[in-house]
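Chains as they are written, first to last, in my numbering: chain B, 1 to 204; chain R, 1 to 204.
Protein chains: 2
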Amino acid sequence: MVGEALGTKLAQLGHQVKMGSRTANNESAAKWVKAGGASASQGTFADAAGFGEIVFVCLKGEIALEVVRSVSAAVAGKVVVDVSNPLDFSKGMPPSLAIYNTNSLGEEVQKALPSAKVVKTLNIVNCEVMVEPAKGGNPTMLVCGNDPEAKAKIVALLKSLGWKDIVDLGDITKARGTEMLLPLWLNLMGVFGDVRFGFKIVRS
Amino acid sequence: MVGEALGTKLAQLGHQVKMGSRTANNESAAKWVKAGGASASQGTFADAAGFGEIVFVCLKGEIALEVVRSVSAAVAGKVVVDVSNPLDFSKGMPPSLAIYNTNSLGEEVQKALPSAKVVKTLNIVNCEVMVEPAKGGNPTMLVCGNDPEAKAKIVALLKSLGWKDIVDLGDITKARGTEMLLPLWLNLMGVFGDVRFGFKIVRS
């Protein structure tokens, strides 16, 4: 869902987008390619990682690191946007976090891809809001990562998606705080019965 | 700081406030009492717990449970507002959390005070903002706890402090999500160089 929402919007904005899946001919991805027109294509995770100038990690938390490690060579030197969250559904609902407090999935992705420039962002809202921030009341988007140029590139991309209020939190260790927003996000989804909301950082 | 800020504002609003400390004649509390006038008094933690109709827990996370357990009998049947956070400074700065993910300090306070009605709130902003939400850009205040009447009483009290946007998250287990906001809060304090901010939940 997250990859399709981002891929569709990015293709609409004129980017060439290759959707990576476990198999080269994944059925859902094929449907997405058919709907997406000339800018959309599909392949394996390795194909997508090799194709993209910017590579988005939109994976289930439990599988993210395994997949990321498998494409390490293909993303060397590239900007990798980690949109995933380390949600642990193994202990029932609501999910807890599998990585937390003194570590984060964002840091683990950066460790797994030492030659890539990992930027953590977008993981704090639903995918509908990721590609249309007004749908979530125009919340604040949080960005972190170790490479300033990579962050600047992604901030520009976020602006093209409609994000107006973007805060740079610092290096990739700051992913801890954004991933630890998830329990509250899940709680609020239950309270509102809706995914179209977000967190706006306000000041006097 | 938190207890003094809340105590001062509550006294200004016409409440009788007794500040509890380790000793009955704590020097800082004595200064606060002198400045606070006829509505302000001081005593031990047990004195304050016995005095209040509503008891605020504004303690350092590392000592909170020990103090709370020591006043268990005195707060039976009362509303206890847990404002504290389980910050762990023992591993250096920034502090991490000592309780997290599948548990919270709020839940531990409720377990330590089985006959009290614990409400977790105010822990997500600096004490300046607690007593003057406009100073933090009028963020959202989050409330949780097992007793609906206790929450209604505290929501009314929050409104009297100036809070306009208040969301009831549910039972005391929802304290997990609010306490896990602290790493991001600490991060943002560093980015802004200021404590006067907060989180506004926005929707389309």
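Idealized CB from N, CA, C, for every residue including glycine.
DSSP places R/Ile124 outside both helix and strand once states are collapsed to three, so it counts as coil. Residue state for B/Gly50 is assigned as helix, using DSSP reduced to three classes. For the pair B/Gln42 and B/Met19, the Cα-to-Cα distance works out to about 5 angstroms. Taking R/Cys58 as reference, the option from R/Val75, R/Asn85 and R/Ala74 with the minimal CA-CA separation is R/Asn85. Chain B places a beta carbon closer than 8 angstroms to that of R/Ala134, counting this residue as a contact. A straight-line Cα-Cα distance of about 21 angstroms links R/Asn126 and R/Lys151. Using a Cβ-Cβ cut-off of 7 angstroms, R/Ser204 is close to Ala134, Lys135, Gly136, Gly137 and Arg196 of chain B, given in chain order. Here R/Glu149 is exposed: its Cβ has fewer than 16 other Cβ atoms, across all protein chains shown, within 10 Å. Shown here for R/Ala5: same chain residues with a beta carbon closer than 7 angstroms to its own, the five before and five after excluded, namely Cys127, Glu128, Met130 and Val131 in chain order. Beta-bridge analysis with DSSP links B/Phe192 to no other residue. R/Cys58 is not bridged by DSSP to any residue.
Distance from the CA of R/Lys78 to the CA of B/Asn138, rounded to the nearest whole angstrom, comes to 40 angstroms. Chain order gives the chain B residues near R/Ile201 as Leu188, Phe197 and Phe199, where near means a beta carbon separation below 7 angstroms. With a cutoff of 8 angstroms on beta-carbon distance, R/Gly106 and R/Glu53 are scored as not near each other. Residues of chain R whose Cβ lies closer than 7 angstroms to the Cβ of B/Asn101 are, in chain order, Ser96, Leu97 and Tyr100.
Taking C-alpha positions only, R/Ala134 is separated from R/Met141 by approximately 12 angstroms.
Residues of chain R with a Cβ closer than 8 angstroms to the Cβ of B/Val191 are, in chain order, Val167, Asp168, Leu169 and Gly170.
Residues are counted here when their Cβ sits less than 7 angstroms from a Cβ of chain B; for the segment 173-185 of chain R these are Lys174, Arg176, Gly177, Thr178, Met180, Leu181, Pro183 and Leu184, given in chain order. As a beta-bridge residue in DSSP terms, R/Gly43 pairs with R/Gly20. B/Lys111 and B/Asp147 have their C-alpha atoms spaced approximately 14 angstroms apart. If the five residues before and after B/Lys174 are omitted, its C-beta is found closer than 6 angstroms to the C-beta atoms of Cys144, all from its own chain and listed in chain order.
R/Met180 sits in coil when the DSSP states are folded into three classes, being neither helix nor strand. Annotated as proximal: R/Arg176 and R/Ser104, with beta-carbon spacing under 8 angstroms. Under the DSSP assignment, R/Leu158 falls outside any beta strand (DSSP E), being part of the alpha helix (DSSP H) whose first and last residues are Pro148 to Ser160. Counting only residues of its own chain and dropping the five nearest sequence neighbours on each side, R/Pro183 has a CB closer than 8 angstroms to the CB of Pro94, Ser96 and Leu97.
According to DSSP, residue pairing for B/Met141 in a beta bridge involves B/Ile166.
DSSP places R/Lys200 in no alpha helix (DSSP H) but in the uninterrupted beta strand (DSSP E) bounded by Phe197 to Arg203. When DSSP states are grouped into helix, strand and coil, R/Val67 belongs to the helix group.
Distance from the CA atom of R/Ala49 to the CA atom of R/Gly162, rounded to whole angstroms, is 25 angstroms. Under the three-state reduction of DSSP, R/Lys117 is assigned to strand.
For B/Val83, the three-state secondary structure derived from DSSP is coil.
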